[in-house]
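Report on one structure; see the data block that follows.
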Amino acid sequence: MSRSGDREDEVRRMLDGPHPQVPADLAQRVAERGGRMLRRRLFARRLMLLVACAVVVAFTVWAIQVHPWRVPPAETTPLEGW
Numbered sequence: 006m007s008r009s010g011d012r013e014d015e016v017r018r019m020l021d022g023p024h025p026q027v028p029a030d031l032a033q034r035v036a037e038r039g040g041r042m043l044r045r046r047l048f049a050r051r052l053m054l055l056v057a058c059a060v061v062v063a064f065t066v067w068a069i070q071v072h073p074w075r076v077p078p079a080e081t082t083p084l085e086g087w
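In terms of the working numbering, the sequence shown opens at residue 6 and continues consecutively.
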């Protein structure tokens, strides 16, 4: 037999054997854990959105006050009468 055939036979033997017992409340526990995970992800997304909005507001306030797009005044003046 080929190597893949041996593996298939082993898997079939495992599946034909007795199935392990699972706790009766397993589905409920898994659903609760999944709900907690979803709530944590939602909280993390909302927190990141809040931080991003705060960064945009802070940048806008800074840009309005500093005007970084303006050319700074020259430190030397041109000589008159030359």
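All C-beta atoms, glycine included, are put in the ideal place defined by N, C-alpha and C.
On a predicted model such as this, the values are computed, not experimentally measured, just so you know.
When the Cα atoms are used, what is the spatial distance from Val66 to Gln33?
49 angstroms
Just verifying my parser: in three-state terms, what is the DSSP assignment at Val56?
The answer is helix: DSSP assigns Val56 an H, G or I state.
Can you give me the C-alpha to C-alpha distance between Glu13 and Leu52, rounded to a whole angstrom?
49 angstroms
Val71 versus Ala57: straight-line alpha-carbon distance, rounded:
Each residue's Cα considered, the two are about 21 angstroms apart.
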